[in-house]
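*Asks:*
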Amino acid sequence: MTETTTPIEQPAADGPELSGVDLARVALHAAREAARKRGESEARAPRRRRTRVVQRDGREPAGFAAVLQGLMADRAWDVPAVGGTVLDRWPDIAAAIAPQLPTHVQAVAFHPEIGQLDLRPDSPAYATQLRLISARIVAAANESAGTDAVRSVRVLAVGAAPGSRPAAPTPVTAPDAPPAPMKTREMASPGFHQALAAHQAVAPPSRIDPSIAEAVERQTAAMRALSLRAFPEPEPVADDQPAPIEQARIERRRQADVSHAAALRRARAERAAREAGTAAAVPQPTTLGRTA
């Protein structure tokens with residue numbers, strides 16, 4: 001086989017010679033014109049930019065409000081309050097959807113664990129309408145509550161809308177019974193008095209043996225005598241006489257004065273002997289007696 005080469009037509013040399021960039025522009029313009037003629041020009045959809053989500057591991061610093069909101073969302077602490085809000089605001093929510101809806105549909109209950117709102121219509125026509133507009137009811141309830149707690153609507157069987165719950169009756173306390181009179185022996189029955197009289201007539205009176213009573217008296221007297229001997233009563237002291245403690249104190253003071261006088265006499269005698277230079281006989285101190 002022989003390879004046939006087709007010579008490329010050279011542009012006319014009438015104008016200036018085109019550079020590489022100009023040739024690329026000319027080729028691009030020619031391609032666009034050809035595509036426009038073939039009807040293949042299509043508007044490209046803009047490429048969606050992907051947002052990068054930063055995954056946090058929960059250990060980064062966070063504000064107290066953010067932590068508290070996350071904790072309330074995890075524990076669903078605000079869901080019961082939202083349920084009460086949805087039930088209380090149901091007339092306004094229903095009126096925003098259809099003016100006649102609050103009259104024919106009643107919000108019965110809200111289940112916060114699954115986000116389900118129970119509605120009871122009063123006719124099959126409104127039951128069908130509730131099934132058709134359940135998405136609008138969910139959106140209106142969440143918009144009124146400010147959260148996404150309501151996720152589904154359950155249409156109950158057709159029935160009359162229940163009225164407001166009656167208040168719990170206050171328990172009536174029974175009046176206090178009057179206190180019973182205290183029973184005494186005098187108020188007893190005649191049978192009790194007869195039995196008591198028969199018992200007293202049969203029971204012998206208590207008798208004390210004279211010998212035992214005499215022995216008890218002797219023992220008591222002996223114990224009293226031993227107590228007086230061990231702990232004698234102090235003799236009475238007249239008002240003009242000093243007390244025994246004061247008398248002993250005076251006696252000790254007198255003996256101290258006697259000892260002090262004897263010591264002074266001995267010191268004077270020793271001093272006189274030293275001054276005279278003679279070995280004078282030093283009087284021996286007198287032995288003092290001891291008092292009890």
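As numbered in UniProt numbering, the sequence shown has no gaps in its residue numbers, which increase by one up to the final residue, 292.
The beta carbon of each residue, even a glycine, is placed where N, CA and C say it ideally should be.
Which residue's Cα is closest to the Cα of Ala107: Glu113, Leu23, Gly115 and Pro121?
*Replies:* Among Glu113, Leu23, Gly115 and Pro121, the Cα nearest to that of Ala107 belongs to Pro121.
*Asks:* In three-state terms, what does DSSP make of Leu264?
*Replies:* Leu264 falls in the helix class under three-state DSSP.
*Asks:* Verify whether the separation of the beta carbon atoms of Leu87 and Leu119 is less than 8 Å.
*Replies:* In this structure, Leu119 does not lie closer than 8 Å to Leu87 by Cβ.
*Asks:* Indicate whether the contact test is met: 3 or more Cβ pairs, each with one atom in the stretch 179-190 and one in the stretch 137-147, closer than 8 Å.
*Replies:* No: the two stretches stay apart, fewer than three of their Cβ pairs being nearer than 8 Å.
*Asks:* My output table needs one value for Leu156: the three-state DSSP class, helix, strand or coil.
*Replies:* Coil.
*Asks:* Would the beta-carbon of Val105 fall within 8 Å of that of Leu130?
*Replies:* Yes; because the gap between Cβ atoms is below 8 Å, this pair is in contact.
*Asks:* Would you call Val21 buried or exposed, if buried means 16 or more other Cβ atoms sit within 10 Å of its Cβ?
*Replies:* Val21 should be labelled exposed.
*Asks:* Which residues does DSSP pair with Phe110 in a beta bridge?
*Replies:* Answer is Leu117, bridged to Phe110.
*Asks:* Please classify Val150: does DSSP put it in a helix, a strand, or coil?
*Replies:* The answer is coil: DSSP assigns Val150 none of H, G, I, E or B.
*Asks:* Am I right that Ala141 and Leu117 are in contact with their C-beta atoms under 8 Å? What's the rounded C-beta distance?
*Replies:* Indeed they touch by this definition, with Cβ atoms about 6 Å apart.
*Asks:* Can you grab the Cα-Cα spacing for the pair Ser259 / Glu270, in whole Å?
*Replies:* So the alpha carbons of these two residues sit roughly 17 Å apart.
*Asks:* What are the start and end residues of the alpha helix (DSSP H) that includes Glu233?
*Replies:* No alpha helix (DSSP H) holds Glu233; DSSP gives it neither H nor E.
*Asks:* So Glu60 is in the alpha helix (DSSP H); what residue range does that whole segment cover?
*Replies:* That residue, Glu60, is in no alpha helix (DSSP H); it is neither H nor E in DSSP.
*Asks:* When burial is assigned at 16 or more other CB atoms within 10 Å of the CB, is residue 301 buried or exposed?
*Replies:* Outside the shown range of the chain, which is 1 to 292, sits residue 301, and nothing can be said about it.
*Asks:* Report the rounded CA-to-CA distance for Val138 versus Val153, giving the unit in angstroms.
*Replies:* Going from the Cα of Val138 to the Cα of Val153 covers about 7 Å.
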